[in-house]
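Take 5 as the starting number for the sequence shown in my numbering and just add one per residue. Don't be surprised by glycine CBs; every beta carbon is placed ideally from N, CA and C. All figures in this text were calculated on a predicted structure; none of them were measured in a lab.
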Amino acid sequence: MIGHSTDSISGKIDLVRCDKHRTAGMRAVTTQTISPVGDVNFSDALYCKMPECNRHYRTDFGYFTQALGSGPDLELDQKKPRCGKHEETPALFVEQVGAEEWRLSCPIDGCDTQQPLES
Ligand SMILES: [Zn+2]
Ligand SMILES: [Zn+2]
Numbered sequence: 005m006i007g008h009s010t011d012s013i014s015g016k017i018d019l020v021r022c023d024k025h026r027t028a029g030m031r032a033v034t035t036q037t038i039s040p041v042g043d044v045n046f047s048d049a050l051y052c053k054m055p056e057c058n059r060h061y062r063t064d065f066g067y068f069t070q071a072l073g074s075g076p077d078l079e080l081d082q083k084k085p086r087c088g089k090h091e092e093t094p095a096l097f098v099e100q101v102g103a104e105e106w107r108l109s110c111p112i113d114g115c116d117t118q119q120p121l122e123s
């Protein structure tokens, strides 16, 4: 799974909100991870725009935390909502649809899968 890009979300990047802040947008970044055997991997992710927030989002892992200079905590033990309409079952992202209203949406262009966001 490492190495997947966020190309499939390019049309919806502006809609993605940090799941911790919900009003903060996210920007595309390239993160660097080092495997136990020393391989360096680069992968695309979205990164919260809020200073001091380490939340990232990827379509394959969903939301996760990665502090600068350290490995990601992918929170694989947590059940993350996904869209089952696609082979890669992308993780849903938090979309703001009103001043006090959010929902979970599928990152794939043209897919209209949505779920209510539990607070
Ligand atoms: Zn944030
Ligand atoms: Zn979908």
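Shorter than 8 angstroms, the distance from the beta carbon of residue i to the closest heavy atom of ligand 2, or not?
i: residue 25; result: no
i: residue 112; result: yes
i: residue 120; result: no
i: residue 40; result: no
i: residue 16; result: no
i: residue 22; result: no
i: residue 84; result: no
i: residue 53; result: no
Taking the C-alpha atoms as reference points, what is the distance between residue i and residue j?
i: residue 9; j: residue 35; result: Caution applies to residue 9, whose pLDDT of 48 falls short of 50 and renders its modelled position unreliable; the value that the coordinates give is listed next. Distance between the alpha carbons of residue 9 and residue 35: 11 angstroms.
i: residue 18; j: residue 101; result: 12 angstroms
i: residue 44; j: residue 23; result: 28 angstroms
i: residue 60; j: residue 15; result: 18 angstroms
i: residue 93; j: residue 30; result: 21 angstroms
i: residue 85; j: residue 115; result: 15 angstroms
i: residue 111; j: residue 40; result: 30 angstroms
i: residue 42; j: residue 103; result: 45 angstroms
i: residue 68; j: residue 27; result: 17 angstroms
i: residue 6; j: residue 50; result: Here the model assigns residue 6 a pLDDT of 43, short of 50, so the residue's position is not dependable and the matter cannot be decided.
i: residue 65; j: residue 119; result: 18 angstroms
Give a single yes or no on whether residue i has its beta carbon closer than 8 angstroms to a heavy atom of ligand 1.
i: residue 28; result: yes
i: residue 57; result: yes
Assess, as a yes-or-no matter, whether the stretch 69-78 is touched by the stretch 93-107 under the definition of 3 or more beta carbon pairs within less than 8 angstroms.
With the cut-off at 8 angstroms, the stretch 93-107 and the stretch 69-78 do not touch.
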